[in-house]
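Residue numbering for the sequence shown follows full-length UniProt numbering, starting at 1 and increasing by one per position. We put the beta carbon where it would ideally sit given N, CA and C, even for glycine. Here the structure comes first, spelled out in structure tokens, and everything after it is commentary.
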Amino acid sequence: MFNIELMLVVALVVGFIIYKEISKVTSNIDIHEQNPDMSKYSKFCDFIDDEITSVKNSLMLENIKLKNEDLKDEFLDKISTLSKELVFLQNMSSSNKNAKDWEKRLFDFLNKFESLNDKYLQNSQNLNDEIRERLANKFRNL
1 MFNIELMLVV ALVVGFIIYK EISKVTSNID IHEQNPDMSK YSKFCDFIDD EITSVKNSLM
61 LENIKLKNED LKDEFLDKIS TLSKELVFLQ NMSSSNKNAK DWEKRLFDFL NKFESLNDKY
121 LQNSQNLNDE IRERLANKFR NL
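See the structure below:
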């Protein structure tokens, strides 16, 4: 009889300890979900801006070529506007705590950047692939 009572007490103590640990873990998950870290998206915007600047500098150094050299000023103007748009996106979305919204906006922006490259630059497909690969690696490391 004594062994059954002792086993019952031990089982209750173990059950209580497990209950407390599960409660602690779930409360930590709830806190993390309520306050997600969105700084990685802001940092990713900086990486995108670096890529935009790199394309602009490569064009100035003639490392990449335009499809039509007469449109150089137009392309530079549009890429500068794109950079300003990225800064606007970064600042306006800094308080946004929704990861899906951030990712949608960044995906739309990157599509616009690729379209601009496709429209004006020679070998744009290779350039876009390289940029996409570099940005994917940087995003994974955030």
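Check, Outcome
"Please classify Phe113 as buried or exposed, where buried requires at least 16 other C-beta atoms within 10 Å of its C-beta.", "buried"
"Counting pairs of beta carbons, one from the region 9-28 and one from the region 100-114, are three or more of them closer than 8 Å?", "no"
"What number of angstroms, rounded off, separates the C-alpha of residue 154 from the C-alpha of Asn28?", "Missing from the structure shown is residue 154; the chain here goes from 1 to 142 and no further."
"Measuring only the C-alpha atoms, how far is Lys40 from Lys100?", "13 Å"
"Taking Asp37 as part of the alpha helix (DSSP H), name the residues at either end of that continuous run.", "No alpha helix (DSSP H) contains Asp37, which DSSP labels as neither H nor E."
"So, with DSSP's three-state summary, where would you put Leu106?", "helix"
"Less than 6 Å between C-beta atoms, sequence neighbours within five positions excluded: which residues of the same chain meet that for Glu51?", "Ile131"
"Take Asp70 as the anchor and find which of Leu6, Glu5, Tyr120 has the nearest alpha-carbon.", "Tyr120"
"Could you pull out every residue in the same chain whose Cβ sits closer than 8 Å to the Cβ of Leu86, ignoring the five residues on either side in sequence?", "Cys45, Ile48, Asp49, Ile52, Phe109"
"How would you label Gln90, buried or exposed, when you count the other beta carbons within 10 angstroms and need 16 or more for buried?", "buried"
"Return the CA-CA distance between Phe139 and Gln122, expressed in angstroms with no decimal places.", "27 Å"
"Using CA atoms only, rank isn't needed, just tell me which of Leu127, Asn137, Leu142, Ala136 is closest to Val55.", "Leu127"
"For the candidate residues Leu59, Lys104, Asn141, whose alpha-carbon lies nearest to that of Asn117?", "Leu59"
"Within 10 angstroms of the Cβ of Phe88, are there 16 or more other Cβ atoms? Answer buried if so, exposed if not.", "exposed"
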